[in-house]
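**Student:** Would you mind keeping the following structure in view while I ask a few things?
Number of protein chains: 2
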Amino acid sequence: MKKLEKLYEGKAKIIYATEDPELVVQYFKDDATAFNGEKKGIIRNKGEMNNAISSAIFRFLEDKGIKTHFVSAPSEREMVVRKVDIVPIEVVMRNVTAGSLSKRMGVEEGMLLPKTVFELYYKDDSLGDPMINGYHVAAFGLCSAEDLAEIKKRAFRVNELMQEFFSARGITLVDFKLEFGKTADGTLLLADEITPDGCRLWNSETGEKMDKDRFRRDLGSVEEAYEEVLRKVTS
Amino acid sequence: MKKLEKLYEGKAKIIYATEDPELVVQYFKDDATAFNGEKKGIIRNKGEMNNAISSAIFRFLEDKGIKTHFVSAPSEREMVVRKVDIVPIEVVMRNVTAGSLSKRMGVEEGMLLPKTVFELYYKDDSLGDPMINGYHVAAFGLCSAEDLAEIKKRAFRVNELMQEFFSARGITLVDFKLEFGKTADGTLLLADEITPDGCRLWNSETGEKMDKDRFRRDLGSVEEAYEEVLRKVTS
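First to last, the sequence lines map onto chains A and B. Counting from 172, one number per residue, gives the positions in the first sequence under the numbering used here. Counting from 172, one number per residue, gives the positions in the second sequence under the numbering used here.
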């Protein structure tokens, strides 16, 4: 599919128009950022790996009945997706304590949570993506109450499915971020990407981190970790 | 009522045991703190004023059917209250944008919110009282789901009642903090205090701040503002 004008460039992806007004191309870059853009770097071949990982996960989720924006992955760094307006909310699902949750609550990383934690963040880089709740969503009109209820329902279902998917591959799904979007005709779709950039993935046996924390925390072997996730996800 | 041993000293109050195991005395100090204790000072006679203001509001709420820990105010700085274990959650209700909400969402202060915003904070000074949501409450066992549902219901009712109460006195209730506690027999009660330390109160006509923001932001006339609130609340 031919890429036309650039519509948007984000930290890890570029969105291009196509000849079909209902479709766009997501082009995956190697750029990596952390701490709201304060730390910048390159993860070699991340674009190719994340396109393949995300495509595999979107295909799996579609098979299980989750509506996503995924259409096809026609080249190594390109994903054709349905064009959506992104709902300005980041959903984070947490099964095990880590990262900002550990800091927020003053607890160690790696504690299995007795109940899944569902968090909302207002997607705004200039504000540092602050945590919000459903009342902020309503008061600031970030999406309708119906869409928020649907987002919550789907996020919990996606968490169940992805926990099974990764568990079968020897990986613990610690936490992950989801974004949703709405098509011109109002259909709510799981959008963006699902990759080690936005998921915490730990080797279930060794506890080794296989995600962007290797970049954030300078743990080394970043590319190797993404490669291992790709190998497991596509096996 | 005779004060026995000191049970707890907080930033603005001291709690003393009494001869009745079900009752304690809240002693109101003049100490004022802001920004999680980073700024410290004295608001002259705040203890007396806050005891009188909070007593008046608790009496009003009790009259309207809200169960509070308030029993009596036997002296200028002492309030006898039912002994409770404080639920480690701070509830914030917001009717107008201000303070941390304005900062969080990147909006001006003073915008009337189309819907009330209900926020939860984990009451832990060492963590800076971080914002949480109901899923954190459940996962970290901060209170039962039933208690949280009841807290939410009562917070909205208290907001309605207090909006009417202050509106009738020419004051806009911008936002306020509530704490709840449970007695030994498991009764959930509105606890702590309701004063200009934990409420944003603006003169409805002039917009003038009549609360702890005068101290936080060095606006001057702090004591005069509390006195004015006291006068209006008890008139």
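In this text, a Cβ means the ideal position worked out from N, Cα and C, and glycines have one as well.
Roughly how many whole angstroms lie between the Cα atoms of B:L344 and B:S243?
**Tutor:** Spanning the two alpha carbons is a distance of roughly 25 Å.
**Student:** To the nearest whole angstrom, what separates the beta carbons of A:M264 and A:D346, a pair I think is in contact under 8 Å?
**Tutor:** That pair is a contact at about 6 Å.
**Student:** Is A:N304 close to chain B, meaning its C-beta is less than 8 Å from at least one C-beta of that chain?
**Tutor:** Closer than 8 Å: yes.
**Student:** How would you write the range of the alpha helix (DSSP H) that A:V329 sits in, first residue to last?
**Tutor:** Its alpha helix (DSSP H) spans residues A316 to S338.
**Student:** Taking buried to mean at least 16 other C-beta atoms within 10 Å of its own C-beta, is B:A223 buried or exposed?
**Tutor:** When all chains shown are included, B:A223 counts as buried.
**Student:** Less than 8 Å separating the beta-carbons of A:I214 and A:Y397?
**Tutor:** Yes, they are a contact pair.
**Student:** Output the distance between the C-alpha atoms of A:R230 and A:E290, rounded to the nearest integer angstrom.
**Tutor:** Going by the C-alpha atoms only, they are around 25 Å apart.
**Student:** Does A:V288 get closer than 8 Å to chain B when you measure Cβ to Cβ?
**Tutor:** At least one chain B Cβ lies under 8 Å of A:V288.
**Student:** Taking A:D202 as the reference, give the member of A:M220, A:L194 and A:A188 with the closest Cα.
**Tutor:** Of A:M220, A:L194 and A:A188, the residue nearest in Cα terms is A:M220.
**Student:** Rounded to whole angstroms, what is the Cα-Cα separation between B:F336 and B:L372?
**Tutor:** Rounded to whole angstroms, B:F336 to B:L372 spans 12 Å at the Cα level.
**Student:** For the beta strand (DSSP E) that B:F289 lies in, which residues bound it at each end?
**Tutor:** Counting along the chain, the beta strand (DSSP E) containing B:F289 begins and ends at L283 to Y293.
**Student:** Please list the terminal residues of the continuous beta strand (DSSP E) segment that includes A:K403.
**Tutor:** A:K403 -> not in any beta strand (DSSP E); alpha helix (DSSP H) instead, spanning V393 to V404.
**Student:** Using Cβ-Cβ distances below 7 Å, what residues of the stretch 310–336 of chain B are close to chain A?
**Tutor:** Cβ contacts with chain A: A310 and F311.
**Student:** Comparing alpha-carbon positions, which option in B:R248, B:P245 and B:T239 lies nearest B:K254?
**Tutor:** That would be B:T239, whose Cα lies nearest to the Cα of B:K254.
**Student:** Short of 8 Å in beta carbon distance, which residues of its chain neighbour B:F206, apart from the five on each side in sequence? Order them along the chain.
**Tutor:** Result list for B:F206: R387, in chain order.
**Student:** Compare the C-beta of A:Y292 against all C-beta atoms of chain B and say whether one is closer than 8 Å.
**Tutor:** It does not; no Cβ of chain B falls within 8 Å.
**Student:** Tell me whether B:S225 sits in a helix, a strand or coil according to DSSP, three-state version.
**Tutor:** Here B:S225 sits in helix by DSSP.
**Student:** Can you give the Cα-Cα distance for A:L283 and A:G277, rounded to whole angstroms?
**Tutor:** Whole-angstrom Cα-Cα distance: 15 Å.
**Student:** Who are the Cβ neighbours of A:E193 in its own chain at under 8 Å, not counting the five residues just before and after it?
**Tutor:** The answer, listed in chain order, is R253, K254, T354 and A355.
**Student:** Starting from the beta carbon of A:L298, find every residue of chain B whose beta carbon is closer than 8 Å, and list them in chain order.
**Tutor:** Neighbours of A:L298 on chain B, chain order: R275, M276 and G277.
**Student:** When you compare the CB of B:L284 with every CB in chain A, is at least one pair closer than 8 Å?
**Tutor:** Yes, contact with chain A.
**Student:** Please identify the residue among B:I303, B:I365 and B:S273 whose C-alpha is closest to the C-alpha of A:L272.
**Tutor:** Out of B:I303, B:I365 and B:S273, B:I303 has the C-alpha closest to the C-alpha of A:L272.
**Student:** If the criterion is Cβ atoms closer than 8 Å, does the pair A:K184 and A:K200 meet it?
**Tutor:** It is a contact, given that the beta carbons lie within the stated cut-off.
**Student:** Among A:S225, A:V258, A:E261 and A:T287, whose alpha-carbon lies nearest the alpha-carbon of A:E268?
**Tutor:** Per the sequence shown, residue 268 of chain A should be read as Thr rather than Glu. That would be A:T287, whose Cα lies nearest to the Cα of A:T268.
**Student:** For A:D346 and chain B, any beta-carbon pair shorter than 8 Å?
**Tutor:** It does not: the Cβ of A:D346 has no partner Cβ on chain B nearer than 8 Å.
**Student:** Within 10 Å of its beta-carbon, does A:R402 have 16 or more other beta-carbons around it, so buried, or fewer, so exposed?
**Tutor:** That one is exposed.
**Student:** Should A:A320 go down as buried or exposed, given a rule of 16 or more other Cβ atoms within 10 Å for buried?
**Tutor:** Exposed: under 16 other Cβ atoms inside 10 Å.
**Student:** Using a Cβ cut-off of 8 Å, pull out every chain B residue sitting near A:P301, in sequence order please.
**Tutor:** Correct list: R275 and M276.
**Student:** Give the range of the beta strand (DSSP E) segment to which A:A203 is assigned.
**Tutor:** Note, A:A203: beta strand (DSSP E), D202 to A205.
**Student:** Whose C-alpha, out of B:L390, B:S392 and B:D368, is nearest the C-alpha of B:K383?
**Tutor:** For the residues B:L390, B:S392 and B:D368, the minimum Cα distance to B:K383 belongs to B:D368.
**Student:** I'd like to confirm the pairing. Which residues does DSSP put opposite B:R371 in its beta bridges?
**Tutor:** Beta-bridge pairing links B:R371 to B:D346.
**Student:** Quick test of your reading: A:F241 and A:E247, contact by CB under 8 Å. State the CB separation rounded to the nearest angstrom.
**Tutor:** Incorrect: roughly 16 Å between the Cβ atoms, too far for contact.
**Student:** Which of the three DSSP states, helix, strand or coil, is assigned to A:F311?
**Tutor:** Residue state, collapsed to three classes: coil.
**Student:** Quick check on the DSSP output: the alpha helix (DSSP H) that includes B:G270 runs from which residue to which?
**Tutor:** Its alpha helix (DSSP H) spans residues G270 to M276.
**Student:** With a threshold of 8 Å between beta-carbons, can A:H240 be considered close to chain B, or not?
**Tutor:** Closer than 8 Å: no.
**Student:** Which chain A residues sit within Cβ distance under 8 Å of B:D295?
**Tutor:** What B:D295 touches in chain A: G277.
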